[in-house]
Every structure is written in C-alpha cells, then in structure tokens.
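Protein chains in written order, with our numbering: chain R, 111 to 523; chain F, 111 to 523; chain D, 111 to 523; chain S, 444 to 553; chain E, 444 to 553; chain V, 444 to 553.
Written below as structure tokens is the structure these notes are about.
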Amino acid sequence: MQVDQTSTIWLAVGGILVFIMIPAIGMLEAGLVRRVNVINAMSKGLMAFAVFLPAWFAVFPLYYHGVLSDGFYPTGEGVGVPMYVYGFFIGAFGAVTLALIGAGAPERLKFGGWLIFSLFFSLVQWPLVSSWIWGGGFLSNLGRLLGLGDFGVLDFAGGTVVHAYAGLAGFIITLLLGPSLRRTRLLTNGGLSPLIYKEHIEYKYAELQYAILGTILLYFGWFGFNGMSTVTVSEQSQYSIGNTAIAGSLAGAITALLSRIHEKTWNPVAIMAGLLGGLVMITPLAGFVDIWASYVVGVLAGLVSYYGMKFMERYYFIDDPVGSLPVHGFNGILGSALVPVLAKPGLAPFAGLIYGGSPAWLGVQLLGMAIALSFVVATTYVVTLLLVKAGFRATTEEELVGLDVVDHGVERP
Amino acid sequence: MQVDQTSTIWLAVGGILVFIMIPAIGMLEAGLVRRVNVINAMSKGLMAFAVFLPAWFAVFPLYYHGVLSDGFYPTGEGVGVPMYVYGFFIGAFGAVTLALIGAGAPERLKFGGWLIFSLFFSLVQWPLVSSWIWGGGFLSNLGRLLGLGDFGVLDFAGGTVVHAYAGLAGFIITLLLGPSLRRTRLLTNGGLSPLIYKEHIEYKYAELQYAILGTILLYFGWFGFNGMSTVTVSEQSQYSIGNTAIAGSLAGAITALLSRIHEKTWNPVAIMAGLLGGLVMITPLAGFVDIWASYVVGVLAGLVSYYGMKFMERYYFIDDPVGSLPVHGFNGILGSALVPVLAKPGLAPFAGLIYGGSPAWLGVQLLGMAIALSFVVATTYVVTLLLVKAGFRATTEEELVGLDVVDHGVERP
Amino acid sequence: MQVDQTSTIWLAVGGILVFIMIPAIGMLEAGLVRRVNVINAMSKGLMAFAVFLPAWFAVFPLYYHGVLSDGFYPTGEGVGVPMYVYGFFIGAFGAVTLALIGAGAPERLKFGGWLIFSLFFSLVQWPLVSSWIWGGGFLSNLGRLLGLGDFGVLDFAGGTVVHAYAGLAGFIITLLLGPSLRRTRLLTNGGLSPLIYKEHIEYKYAELQYAILGTILLYFGWFGFNGMSTVTVSEQSQYSIGNTAIAGSLAGAITALLSRIHEKTWNPVAIMAGLLGGLVMITPLAGFVDIWASYVVGVLAGLVSYYGMKFMERYYFIDDPVGSLPVHGFNGILGSALVPVLAKPGLAPFAGLIYGGSPAWLGVQLLGMAIALSFVVATTYVVTLLLVKAGFRATTEEELVGLDVVDHGVERP
Amino acid sequence: MTLVMVRAVIREDKLMDVLTALVSHGFTGATVYRAQGMGGEGGVVSIRGSARPVLIPRTVVEVVTDEKRAEEVTKIIMSAAKTGEVGDGRIFVIPMSAAIRIRTGEFLSE
Amino acid sequence: MTLVMVRAVIREDKLMDVLTALVSHGFTGATVYRAQGMGGEGGVVSIRGSARPVLIPRTVVEVVTDEKRAEEVTKIIMSAAKTGEVGDGRIFVIPMSAAIRIRTGEFLSE
Amino acid sequence: MTLVMVRAVIREDKLMDVLTALVSHGFTGATVYRAQGMGGEGGVVSIRGSARPVLIPRTVVEVVTDEKRAEEVTKIIMSAAKTGEVGDGRIFVIPMSAAIRIRTGEFLSE
Ligand SMILES: Nc1ncnc2c1ncn2[C@@H]1O[C@H](COP(=O)(O)OP(=O)(O)O)[C@@H](O)[C@H]1O
Ligand SMILES: Nc1ncnc2c1ncn2[C@@H]1O[C@H](COP(=O)(O)OP(=O)(O)O)[C@@H](O)[C@H]1O
Ligand SMILES: Nc1ncnc2c1ncn2[C@@H]1O[C@H](COP(=O)(O)OP(=O)(O)O)[C@@H](O)[C@H]1O
C-alpha cells in the first residue's frame, strides 16, 4: 500500500493539535478548583498522556484490527495512512477522554487511585468502547445486526466516545467519592464553621487565569479534534472546521448573555462553559452537517451549558466544580442524538431525519449510545467502588489540606 | 471544481495558527494592565472570536463574492480551496483585528459597550473594509479605476487590513474614552493622592508573565498569519516564513539594545514591543520581498517601536498601556507604505520602486490606505461616541475598582 | 527544481512547532528558579530566537552548502524544499539549543554576557557543529574519511546536535559561574544564615505552574522536532511520531513511580524530568527505530533522568536547578550512542548491532560524538571564561536580589 | 487623649461590609492585612498520624482611634462581621503611645 | 486578667512546627501573617554602590493569651522555631487592653 | 529600658528608601508587611449606588527599638517616606513589654 501523503499530514497535525488538549484539561481544572489542588490538577493533565499513550500503542492494534490492514489505515483504494500515525491520532482522543474524566472528579481521589483507574481505562475500557464505534466494532454495524438496515452508530469526532463517556464516567466517580466537605455541609445545612469556610473561600477562583488558558488551548486543539477527523482533505473539511469555529463561539456568546441576564455580570466561567459546551455538542456532528446547523447547535449548547450548570449547582451531593457533567455529558449526549436528525446526505453516509432520512437510524444511534454509555457507567462504577474501598478516597483532613501537599509535596506560598 | 489538497491543508493549518492569536492578545493585554483588569482583558480575548466568528461565517460570502466562485476560493485552474476553509482563514484575521482594537483601549470601556462595538465591527466594518482589499473590492482595483494602470492596494497579510486598522481604531476609542485617572492627574500635574497612587502602583506589571506568554503565542501564530498567506505552497512560502522569522526577531533584539542604552536595563516590555512591532511591519510585505529586506524592516521596526512607545508616553491624554498605536498603528502603516517600494518582481505582481517599479503604484497604495483607514477612523469615531453617550465609559469609581469586579464579578485575592 | 509541496508543508509546520519550544524553555526555567529570576528566565527564552534567527538566516547557507543546491534542499529527484523553509526548520533547532544552554546556567550570568555568548553561538559555534553532522560536513562522512565504510554520525533529530550539546555547554557555564550562594554554603557546611535562608526558601517552586506549562509546550513542539525530521511524509513518519509519543510518556510514568517509591510523593518535578528525558533520549533515534524500541528507551530514560537528577543534587558545586545536565546531557549522549545499536534497516541507512549491523558504525558514531562535543565543551569553556573575566558573573549581592531587578528592572510584588 | 489600635481578625468576605460600616460611621482610616487564622476546635487535622493545623483565610482590619471611641469602633465591626457561626473572629484592642501623620508630622489624637 | 499579644517573627518553614507545638500545649488560637524581615548583619547588599536591604521571607505568628501564660507561649515558640543559626527571629510581647469574640461579643480573658 | 514598636504605614514604593535610611542610621532590624490602606477623603467610591471603599496598596514597616530611640526612628522614617502628598501614611508607636531573640533566648533591650 502507498502512503497517502496529504491524509498523513492531516492526521499527524490533527493528532498533535489534539495532544495539547490533554494537558490543557489539567489547566482548565486547575483554574476552577481550590488553590491547594492546582498542582494536582495540572499533574493529572500530564499523567493522562504519560499513562495512556504507552498503553494505547501497545494494545490498539488488537482492538482496532477491524479498520487496519497491512500496516495502514485504509482511506481509499491502494493508499492509506501508516498505522501508527492513525493510532496516534485516535490515541490522543483517548487521552483527552481520560483527562476529562479526571477533571470531572477533582480534589478527592488520591493520585495513586487515579493512576490505577487510568491503567484500567487505557488498557481495557476506552480501547474496547471506542473500537465498538470507531474500530469497526459491533456498534458501527448495529443496524445490520438488528436487521435495521446499514445504519450504525455514527460519531464524527467523539460526542459519545469522548465527551458523553467522560461526562458520565466523571459523574460516577464524583458521586462515589461523595461530596467535598463544603458540599456536605451545605447539604446538611451546616454553617460557615472554620473548616468549611476555608474550603468555601478558597474556591474564589484565585487562579482563574489558568482556566482561561486551558480553554484557549482546548479550542485551539479542537480544530484538530473535529477539523481533521475527516481523515482525508476534502470538501467535507470545510464543514468540520467551519462548524467547529461557529458552534463553540456562538454557544460562548449565548452563555455570556445568559450570565449577564441572570447574574448581572459577564461571568467568565459561564463564557468558558459555553465555548466548551458548543464545541462538545458539535463534535459528533461537525463533518456531517451543513453550516447552518452549527448555528442551531451553538444556541442549543449555550442553553444546555448554562442552565445545565445552574441546575447541577443545586444538587450538593454532586460535586463537579469543573462542570463536567453538564458541559461534556449533556452536550455530548444531545449532540450524538442529533446526528441521525441533522446529518446531510453527501457529508454523512446516511440522510438525517430532516433530509427525509429513516427513523430507524435514530433508533440504532440511541440504542448504540445507550449500550456504550451503560458499559462505561457500569465498569467505572465497579472500579471506583474498589478504589474507594481500597482507601483512595482522600480523608476529610487530606481534602482540607489539599492534594498538592498530600500527594505531591508541593506547598505554594 | 476540485479540492486543492495542499492549499487546503495550508490554509486550514494557517487559520488554526491565527486562531490562537486571538485569545493570545487578551493574554498580552492582561500582562500590561492593572491587576484588577486581568480577567477583563482575557475575557475580551475570548469574546473576540465568540462574537466575530458566528457573525463572520454568516456574512462573508456577501462581502467576499468577488473572490469566491462555485463554493471555492479559486487558487488556480480548476482547483480551489473550499469556501469555508478560506472563510475560516480570513475570518481568524478579522477576529485578531477585533482583539487588537480591544487591547488598544483597555480598562475603561464597559464590557457591554465593547460587545456592541464588536457586533458592528463583525457584521459591517471589518467585512466591508477587508473586502475592499482582499475580497476583490474597489481598492484592489484602484489603479484601474483611476486610470493609473493595473495597480491595486496590496497588503500581503494585513499591515493595513489588520494592524494599522486596529492601531488607529484602538487609538480613536482610547481617545474618546479619555485618559484613566492616573493619566488625567499627570496631565493636570496632580500629585500622588491616594486614588491616583493606587492606579499608579498597580501598573507595576504584577503579572507581566501573561504578556510574555501572549507574545509567545502571538509569534507562534504569526507563522500562520504571514507564512500561510501565500495560499498555495510554493517558493514564495519560504519568503513569507523566513521574513517573518527574521523581522520580528531582529526588531526585538534592537529594542532590547535600545532599552539597555536608554534605560540601563533590558526592559522586557521593550523586547516584546520590538518582537511584535517587527512582525507587524513585515506583515504586509512578508511574501513580496526578498530575505535581505526583512533585515531592513527589522531594524526599522525596532526603531519605530521603541521610540514610538517613548514618544506616546509623553502624551498623557492618550492612554495606551499596551502600546497599540505605536506597535500596530505606526508599524502597520509604514510596512504597508513600503510594499510598492520593496516588492520584488516574481514574488509580488508588480515591481517595487527599488526594482525600477512605477511611482504610480506608491500613489495608489497610499491613497488606498488613506481611504480604508479614514473609513475605519470615521466609523469607529461615530460608534464610540454613541457608546460613550450611552454610558459605557466606566466611571472613575468603576475604573478604580477595576473591570474584573465591575463587569465580571471576579475579585482575585 | 520543483517545490515538493507535501515536504514543504511538513517542514514548515515542523519548524513552527519547534519554534514554540524556544520560549517554552524559558517558561520551564521560570518555574524552577527563584521567584526573583522568573522574568529573567522568560526573557532569555524570548532572546534565544531574537538573537539566533537573524544571525542564522544570514550565515547558514555558508555552513550548509553541503546539502543545498540551487536554492533548494534536495529531498529527491528534481523536487525539493525551498532553502529558507529548510533553513527555518533547522534554525529553530539551533535556537532551541541556545535556549536550553541558557536554562542550564540560570540565575548567575548577567544578561549582557548571555547575549554575547548567544552571538558567538549563533554566528559560529552551532552553525559549525551542526553542519558537521546535518549540513554534509565531515562527521557525516567520518567512516569514509577513516576508511571504515560508508558510516557517518547519524543523529535523527538532535540527540547530539541539540541535547547533549546543550547539556554539556550549560554544564560548563554553570561550573565556571560557580555555585550560587546557597550551594556554596551547603558546600562549606554553612548554616541557615539569613541570606542563604532567603535563597533556600525562595526555591520552593512558588511558580511551578510555569514549569508545567513549559513542559506542555515542549512536548507539543517535540512532535515537530522529532516527528517532522523525516523531511518527507512517508512510512518513516509513523515511527518518528509514534516513538516520540511513547518514549516521553513512558519515561514520565517511570519517574513518577520512582518519586513515589523514593520520596513517598508523586513529585511533579520528577514527572517533568521524565517526560523531557524520554523525549531527549528518543530524539536521535525517533525515525530510525521500531516502535518496541521506544518502550526500551522510555524505561531507560526514566531511570537515567530520575537517578541522574538525584545524583547531581549531591554535587553542590554543580548548580543546575533545571536538571539540564542529567535530563538533556545524559539522555542525549546515551540516546545518540544507541543509534548504531537499535537502528532498523529500512528506516535508517545502516543496520544497528541488534540487526546484525557492523560495530564499526558504533565506533564512528562514538568518535564523531566525542569530536563534536569536545569542540562544544572547549569553545564554551573559553568564551565563558572570558565573560566571567569581563565581569558578567553576577555578584553575590546581585544574585541575592535576583536578576529580575538587576537586569530587567522588574520587581513583582 | 490616649489612642488605641483596634485590630479585628475577620472573615475574608466580610471585609467590604466592615469597611463600609466604618466609613458610614465616620471612620475613614484603616489598614488591612491578609492573614490566616487557626482557632477553636476543628483547626487541626491529622495527616498520616501527625497533627497538622489547618489555616483559614482571614483578613485583619486595623483601626487606630482614641480610647473613647474604641468601643464604638468595636461595635461597628462586630455587627458588620458577625454571622453567628464559629469562626467569626476576634477583636483585639492594643494601647498605643503615639500616632503621627507622615505628610505633616503632626501628632494625631484621633 | 491582663491579656498580651505574643508576636513571633519566625522562619517560614518553621510555621507548622510552631503551630503544632502550640496546639499540643493547648493553645489553639493564632493568627498568621506572611512578612519579610531585615535583620542582623548580612541583610544589606550593595548594588551599583548604593546600599539595598535584602528582605528575607518570614512568617509572623500572633497568639493572644493572658499575661501569666505568655511565658509558656514564648517558650513553646522558641523551642519549636529555633535552629541556632542567625536569623531564627524574634518574639515580641505587646500588652493589650481587651479582646472580644465577634460571634458572641464576650470579652475574653484568655 | 522599655521597648516600643514603631509601626509605619507607608507607600509601597517608599519601602527601599525607608529601609536604607534606617540601616544607614544603624537600625538594621525590621519586619515588613504588605497591606492595603483606606484613609482620608477619596477612599470611598460608590458603585451602583452603594459605597465601596477603595483600598490602596501599602507597606508596613515595623521596627522594635527602645523608647528613647523611638523618636529618632520616627524621624528617619518620616523623612524617607514623605512626598508631601495626601496618602503618605502614618506612624504608630506601640508600647511593648518584652522582646526575645529566638536563637539565644536573650531578652533584648534595644
Ligand atoms: N488566641 C488567639 N490569638 C490570636 N488570634 C486568635 C486567637 N484565637 C483566635 N484567633 C483568631 O481568630 C480567628 C477566629 O477564631 P475562632 O476560635 O475560630 O472563632 P470564634 O472566635 O468564633 O470561636 C482565628 O482564625 C484566629 O485568626
Ligand atoms: N528591631 C527589629 N524590629 C522589628 N523586627 C526585627 C527587628 N530585628 C529583627 N527583626 C525581625 O527578626 C528577624 C530575625 O532577626 P535577625 O537579626 O536576622 O536574627 P537573630 O535575631 O537570630 O539575630 C528579622 O528578619 C526581622 O524580621
Ligand atoms: N485611623 C487609622 N487607623 C489605621 N490606619 C490608618 C488610619 N488612618 C490612616 N491609616 C493608614 O494610613 C494610610 C494613609 O492615610 P491617609 O489618610 O490616606 O493619608 P494622610 O495621613 O497623608 O492623610 C491609609 O492608607 C491607612 O493605611
């Protein structure tokens, strides 16, 4: 087989852009947690690829043999992308997923426990689940298996495989870890006793700038994430890129406006939630839909992200300061569900409902998502339970002092 | 039409690189303003693309129809770049312009007012002005319209369309906002009364590191900005890239030296002004001139940037802590004016004066620049006046407390 | 000659990625030095390219004529990469080397002295040494010169030309500057007197986050550094990229583990040393070895980086807070020495020992490395000695107050 | 007239309330410090068996005034800083022997 | 009972030791400040001919207690903060006239 | 001999001048704090109708000395910190009952 040079450049550059998103998620988390957990958050960003990539390169050919042939990822007749370039591109998505899960359950899981989860994720969970959809696995053929036509679960760049996955897994972990001291007290209507006050006051976004930097690097990398998921450089590339530019931006503008309306302030955390939420929702759709659809998605994602975050804040037992469940979970699920609705023939292999497509696809898509995500939830639940049992939940004392000191021996003045 | 794959990669990657410059300008501003405006500066960086991109994708085909055909940007015979990839590339330049204007008028315009200006800029002002030069508009045909030959305004990557534009627009806004408290007192020879002292002392570059980070990301992105403005990958690409590497660097070395001479210190703010000033001045020339010219430009830009900043500091009524007018305005204008002087035949469509070119081109170029920039100045003036009238000028009190609290509700310890 | 478009994109993008590593090294240094030297460290990162690039573009055609022909870098029959694109790519490596040397000798060399060294480095030292190996110079033909066959020194992306070079040069400078006050006192068993206590306490990694950011940008850029050193896009590209992804990550995981074992904490500084050490060791090998080899390299580099740093810490007269000698020097030398051992036929021009290759190559490689590095050490020694004689060693007082104030006039609160 | 220094250790987020209350009662001068406090039960946690005090972010407001008005200042601060929860802080009153305005050199008595 | 404020200027890295020692002796309240110190010989360097004081990072621990226990507090701090090297710091004892708990308004006598 | 604490609230950028002046007169010990000040007119602004105090960056220099030399210290600080503009700051003198050197345990009388 011959090397398809332009596709290889496309995926190599794409993988590099996605790569920077991995530690950027650590930056984002660092800006939204207590000051005493900043180094812990950034370290998780580094370890996400340090653990995932070596594991992934060793195992992905086993899981992804369905789409590899002869050392190449076949992109056409007689030409292809060398296997390890393709593996690098896909692997970067996996490490992003891992980093996102980490950000969804910050401040209370000890580092050793997190690394054990990371190993399970890297060797088994993600390779398996992602291969079901992207590696030629059974969910990509679900329609045929069920006798519902050629339809399979379609996920352009990871609405389900990355974002809904991470949002739900992070949610399960954060739930099993139990809320932080602050949340517990709010839950039990306890007052501002010294210790809880300490937690409370240290959430004042003392280093919000890192969250902004993380958001910048994430948006930048997302053009590789979505933009280069077309694999080949084609007319489709203009949609994967243009839609990404529009949906994230518009959603950020929407949440900015909503924060102004409801909070009388242009809340930067809301702006970031919107930008990222818009990017998440367009992810599964980016190369499959027309430009106008990204405006619809942008507005929807703005609403989902803003009200989703406000909604979650009420439930004190869910301690998700980064907004992982609303931003990644909700938007990822809704975006994935919209694929069989908005997909444009010519861009996607099948037509969406609004283009007169078959409702069977929607059924296949939703069923497939449910299967994949249930598996993620169930296995994450079991592993986390074991970790909590094994003592990797930080004690109240450790939580208070902060993981920077407890896990990393770093005490910044 | 067929997709020109290498050009499409070139412009997609270029657009992504330019994209990161947009929020990087917010970082740069954050490092040079008072500590109480850091989050405001970074938020403007985020909103620059959040507002501009959705607006731009909706309107640019109307303004740029002159260079689009059949859903493609025609780069040659029968091949082309898909329209929305081209639109993304150009659009990123627009958002950079908007972010630069914001950085040129920091700390005194309330966020709501800034967003209103952003809308006007995104829907009307920039699409119109940029299309005159880059979209096949009348300034690109000015010579023919005036019967002065085939000459048009040539601006390789935005010396006029981006930098002179932003430098002048920011200047107008900063002028109409009136100087900050500190400047006002210096102006009226008032002393170090508590309030003015507060402003004074908080300008001590407490977080200069963000300006350095911003500068790094800007230089990085500038290789897409200038480097990939060749549209196709050709011999010209080595000039657009090489000249960018040289001119910015050399100008930074020059300003470093000048600061050592005049201030007895290697002033990091001067170094950054030089690096960026050199990049600005080479921008309109990058792909049109030979390598040696970038050395000339580097030296010139170093002088203009350093002495320009020192010169502006005397005029207390111009409150431009980021140095937008000298760095972007002066260098942008001078660089653009040098196009018909230094352009090398074979690289540029016409020969510059030093290669025996026609003085008519210089006339056309200067006239065209004057038309474009006058329009920018006039419309910016009107819109800003309305905003000031509408109460979007921060009051002295708000200015003192800082926009982070006033506009974003963020108070960092 | 015709422009090879895909190679030109590959090297342009590669050069841009390598470019961001230059200032990133300043960030890395900033996070590991005393708080009063942060701006100095970042400024060195900026000046590394501000000085190097203008010098380099002027002189490289003289040194590199061995691989240039007719304005192109010949990559094949009748096609090529435009000379200044190639020059930009290689030049970025030179500026990285310069920045690394600076980071290896922080906090005690005054800025003016550093700039003088930078000029010598940029005009003479690096162009010369690098051309011996990469520019068709005598070390690339050493085997033939010695009658030992076609073998030459092979250095895929700069194990010797960049990392061993920088590690040793930085070591020589730091040695000649003499240890900092803190080290001196530890050396003479002096106690915690006020001044030495001040130094001691300010090494508490107050701004460790910049080191993490620097590491992130370095890893990101390293995909251009190693990944795109294949020049053409080919099957080799999957090794240069895949091996880079694996070796750095695995080494980071190893050092994390080692720090947990020895220090009972997941030390972020150790993690960074591992990530960078792994990248360094794979650098000379990246495109020449099979995927499995990067696992071997990852483990080796983890061990070398961790124990190397611990080993150096004992020798108080070597004051290398950034770990430049162990991370860049040791790993760079070992990685380069492994080329004639691990090189896989088909990827590298000759077979390594384990593939039945000739031991003569190993001899040629080691001899060549010794020649190049001895020259670096000797010339660096002479120049530094002159600089110290000329008074560019900061006095104890200046050292204490910090170079931010002394050299840059910046005093952050 | 004797001067005293009223030094209140308060919750960080009560600062603006306290200052505003002071100003509205005519006390326009104060110096403010960031500090950390250990106090009451709950301030010590044990990490791996060894006790480790937990420091809580605090703000200290220092108002110099004459002895007679000290009680008023104390009351103003107390009512503005109080939440009723453990950890509201303390007010310390310290006698002074002199206060001088640098600008004029005058000795202050209020 | 008269109260005093014991104010110790200590090395930054002795803070946890000092606080732990205080707590283990039953003194659970303290307020902590970051500061910088100039002191003893070696605190002044000359940069380009002009003297420039070098400030060393310090932590200040403030414990209010009654006069009789002040000596005990002083001793606890001294033994925990001492290294024997120049620069260990100072302890200052300042008389106070009142201490009030904001939460309850009660006057404290210990 | 009685000791006093001379506590000067000065402009942030006068710190080095003040310390240098102190050293050159033989006072080599001092402790320095970052603080924020509210004072005089102009320290309060109104944001959306409600008063909000504006805090100005300040530095506090604390010099412990014996009562007799307190005036000298005060004068040194005053002349070094003065600009003549509103906001130059204040000097407070606080009586102390003891000062101890941690390293040696000796009671200091100067
Ligand atoms: N003995 C003390 N000396 C100095 N500061 C104290 C002392 N006791 C308490 N404080 C300060 O007062 C703050 C509040 O005290 P705490 O005991 O937590 O609350 P409360 O007074 O409401 O019981 C502490 O955080 C500490 O800063
Ligand atoms: N006269 C003083 N007034 C206020 N603080 C002082 C005074 N002398 C020393 N200090 C503080 O005590 C710290 C230690 O003093 P130093 O003289 O260095 O040590 P030692 O007491 O061990 O000789 C200084 O850093 C300073 O903060
Ligand atoms: N009553 C006070 N109590 C404590 N600190 C005060 C008091 N009055 C002033 N200060 C401090 O002194 C500083 C300068 O006071 P200000 O009134 O602004 O200047 P001036 O004394 O020159 O009129 C203030 O910023 C504040 O820190």
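Think of the CB as a built atom: it goes at the ideal place given N, C-alpha and C, for glycine as much as any other residue.
The model shown is predicted, which means the values in this text are computed figures rather than measured ones.
Counting C-beta neighbours from all protein chains within 10 Å, is the total for F/GLN475 16 or more, i.e. buried, or is it exposed? Here residue 475 of chain F is taken as the residue at index 365 of the second sequence, counted from 1. Classification for F/GLN475: buried.
Residues bridged to V/ILE453 [DSSP beta-bridge criterion]: By one-based count along the sixth sequence, residue 453 of chain V stands at place 10. According to DSSP, which records beta bridges pairwise, V/ILE453 is partnered with V/THR502.
For the segment 379 to 392 of chain D, which residues have a CB atom closer than 7 Å to at least one CB atom of chain R, in sequence order? ILE381 and LEU385
Under 8 Å between the Cβ atoms of F/ALA122 and R/GLY337? If you number the second sequence from 1, residue 122 of chain F lands on position 12. If you number the first sequence from 1, residue 337 of chain R lands on position 227. It is a contact, given that the beta carbons lie within the stated cut-off.
Closer than 9 Å, Cβ to any Cβ of chain E: which residues of the segment 465 to 498 of chain S, in chain order? Of all residues in the segment 465 to 498 of chain S, those with a C-beta nearer than 9 Å to a C-beta of chain E are TYR476, ARG477, ALA478, GLN479, GLY480, MET481, GLY482, GLY483, GLU484, GLY486, VAL487, SER493, ALA494, ARG495, PRO496 and LEU498, reading in chain order.
Could you work out which residues of chain F lie near V/ASP509, taking near to mean beta carbons separated by less than 7 Å? Residue mapping note: residue 509 of chain V aligns to position 66 of the sixth sequence, counting from 1. Residues of chain F passing the Cβ test: none, with the nearest at roughly 33 Å.
Quick check: does the Cβ of F/THR524 come within less than 7 Å of any heavy atom belonging to ligand 1? No statement about residue 524 of chain F is possible, as the shown extent of chain F runs from 111 to 523 and does not include it.
Span of the alpha helix (DSSP H), counted from its first residue to its last, around F/ALA279: Here residue 279 of chain F refers to the residue found at position 169 when the second sequence is read from its first residue. Unbroken alpha helix (DSSP H) run through F/ALA279: 275 to 287.
When you measure from the CB of V/ALA473 to every non-hydrogen atom of ligand 2, does any distance come out below 7 Å? Residue mapping note: residue 473 of chain V aligns to position 30 of the sixth sequence, counting from 1. Yes, since a heavy atom of ligand 2 falls inside the 7 Å radius drawn around the Cβ of V/ALA473.
Please work out which residues of its chain come closer than 6 Å, Cβ to Cβ, to F/LEU91, disregarding the five sequence neighbours upstream and downstream, and give them in chain order. Absent from the model: residue 91 of chain F. The displayed extent of chain F is 111 to 523, so no value can be given.
Mind checking the segment 301 to 323 of chain F against chain V and listing, in chain order, the residues whose C-beta falls within less than 8 Å of any C-beta there? GLY301, LEU302, SER303, PRO304, LEU305, TYR307, LYS308, ILE311 and GLU312
Check the C-beta distance from E/ALA494 over to V/VAL466 and give it rounded, since I have them as a contact under 8 Å. As a first step, residue 494 of chain E must be located in the fifth sequence, where it is residue number 51. As a first step, residue 466 of chain V must be located in the sixth sequence, where it is residue number 23. The pair is a contact, with the Cβ atoms about 6 Å apart (cut-off 8 Å).
Whole-angstrom distance between V/GLY472 and R/PHE335, CA atom to CA atom: Working through the first sequence from its first residue, we reach residue 335 of chain R at position 225. Working through the sixth sequence from its first residue, we reach residue 472 of chain V at position 29. V/GLY472 has its alpha-carbon roughly 59 Å from the corresponding atom of R/PHE335.
At which residues does the beta strand (DSSP E) containing S/ILE537 begin and terminate? The residue labelled residue 537 of chain S in the question sits at position 94 within the fourth sequence. Segment 533 to 538, the beta strand (DSSP E) holding S/ILE537.
Chain-ordered neighbours of R/GLY337 on chain F, where CB pairs are closer than 8 Å: Translated into the one-based positions of the first sequence, residue 337 of chain R becomes position 227. The answer, in chain order, is ALA122 and ILE126.
Quick check on the burial criterion: 16 or more other C-beta atoms within 10 angstroms. Buried or exposed for D/GLN235? Translated into positions along the third sequence, residue 235 of chain D becomes position 125. Result: buried.
Should F/PRO304 be listed as close to ligand 3, given that the test is whether its C-beta is under 7 Å from any heavy atom? In the second sequence, counting from the first residue as 1, residue 304 of chain F sits at position 194. True, at least one ligand heavy atom lies under 7 Å from that Cβ.
Please report whether the beta-carbon of F/GLY82 lies at a distance below 8 Å from any beta-carbon of chain D. This structure cannot speak to residue 82 of chain F, because chain F is shown only from 111 to 523.
Considering just the uninterrupted stretch of the alpha helix (DSSP H) at F/VAL603, what are its terminal residues? Lying outside 111 to 523, the shown extent of chain F, residue 603 of chain F is not represented and no answer is given.
Host alpha helix (DSSP H) of D/PRO216 (start-end): Counted from its first residue, the third sequence places residue 216 of chain D at position 106. No alpha helix (DSSP H) holds D/PRO216; DSSP gives it neither H nor E.
Residue of F/THR116, F/ILE132 and F/TRP120 minimising C-alpha distance to F/LEU327: Numbered from its first residue, the second sequence carries residue 327 of chain F at position 217. Comparing Cα positions, the closest option is F/ILE132.
Just the chain F side, please: which residues come within less than 8 Å of V/GLY530 by C-beta, in chain order? Translated into positions along the sixth sequence, residue 530 of chain V becomes position 87. Correct list: LEU302, SER303, PRO304 and TYR307.
Is it buried or exposed, D/GLN115, if we count other Cβ atoms within 10 angstroms and call 16 or more buried? Here residue 115 of chain D corresponds to residue number 5 of the third sequence, with the count starting at 1. Buried, because 16 or more other Cβ atoms sit within 10 Å of the Cβ of D/GLN115.
Would you mind stating whether F/ALA276 and F/THR207 have Cβ atoms separated by less than 8 Å? What you label residue 276 of chain F is simply residue 166 of the second sequence in a count that begins at 1. What you label residue 207 of chain F is simply residue 97 of the second sequence in a count that begins at 1. A contact, by the Cβ cut-off of 8 Å.
Please confirm whether R/VAL511 has its beta-carbon closer than 8 Å to some beta-carbon of chain S. Residue numbering aside, residue 511 of chain R sits at position 401 when the first sequence is read from its first letter. It does: the Cβ of R/VAL511 has a partner Cβ on chain S nearer than 8 Å.
In three-state terms, what does DSSP make of D/SER344? As a working note, residue 344 of chain D is residue 234 in the third sequence. D/SER344 falls in the coil class under three-state DSSP.
Do E/ASP456 and ligand 2 come close, with the Cβ less than 7 Å from some heavy atom? Taking the fifth sequence and counting its residues from 1, the one referred to as residue 456 of chain E is at position 13. No, Cβ of E/ASP456 sits at least 7 Å from all heavy atoms of ligand 2.
Check the C-beta distance from F/PHE129 over to D/ILE130 and give it rounded, since I have them as a contact under 8 Å. Here the question's residue 129 of chain F lines up with position 19 in the second sequence. Here the question's residue 130 of chain D lines up with position 20 in the third sequence. F/PHE129 to D/ILE130, Cβ: 15 Å. No contact.
Does ligand 2 have even one heavy atom less than 7 Å from the beta-carbon of V/THR508? Here residue 508 of chain V refers to the residue found at position 65 when the sixth sequence is read from its first residue. Yes, Cβ of V/THR508 sits closer than 7 Å to a heavy atom of ligand 2.
Can you find at least 3 beta carbon pairs, one from the segment 191 to 210 of chain R and one from the segment 255 to 262 of chain R, that sit closer than 8 Å? Here the segment 191 to 210 of chain R makes no contact with the segment 255 to 262 of chain R; the two share fewer than three CB pairs at distances below 8 Å.
Short of 8 Å in beta carbon distance, which residues of its chain neighbour R/VAL390, apart from the five on each side in sequence? Order them along the chain. Locating residue 390 of chain R in the first sequence gives position 280, where the first residue counts as 1. Taking C-beta separations shorter than 8 Å and ignoring five residues to either side along the sequence, the partners of R/VAL390 in its chain run GLY269, HIS273, ALA411, VAL437, HIS438, ASN441, GLY442 and GLY445, following chain order.
For D/ASP265, is the classification buried or exposed, using 16 other Cβ atoms within 10 angstroms of its Cβ as the cut-off for buried? Translated into the one-based positions of the third sequence, residue 265 of chain D becomes position 155. By the neighbour-count rule (16 or more Cβ atoms within 10 Å), D/ASP265 is buried.
Please classify R/THR187 as buried or exposed, where buried requires at least 16 other C-beta atoms within 10 Å of its C-beta. On the first sequence, residue 187 of chain R is found 77 positions in, with the first residue counted as 1. The sequence shown places Glu at residue 187 of chain R, rather than the Thr named in the question. Looking at its Cβ environment, which holds fewer than 16 other Cβ atoms inside 10 Å, R/GLU187 is exposed.
May I ask you to check if the CB of E/GLY532 is nearer than 7 Å to at least one heavy atom of ligand 2? By one-based count along the fifth sequence, residue 532 of chain E stands at place 89. The answer is yes for E/GLY532.
Starting from the beta carbon of E/ARG501, find every residue of chain V whose beta carbon is closer than 9 Å, and list them in chain order. As a working note, residue 501 of chain E is residue 58 in the fifth sequence. In chain order: THR474 and VAL475.
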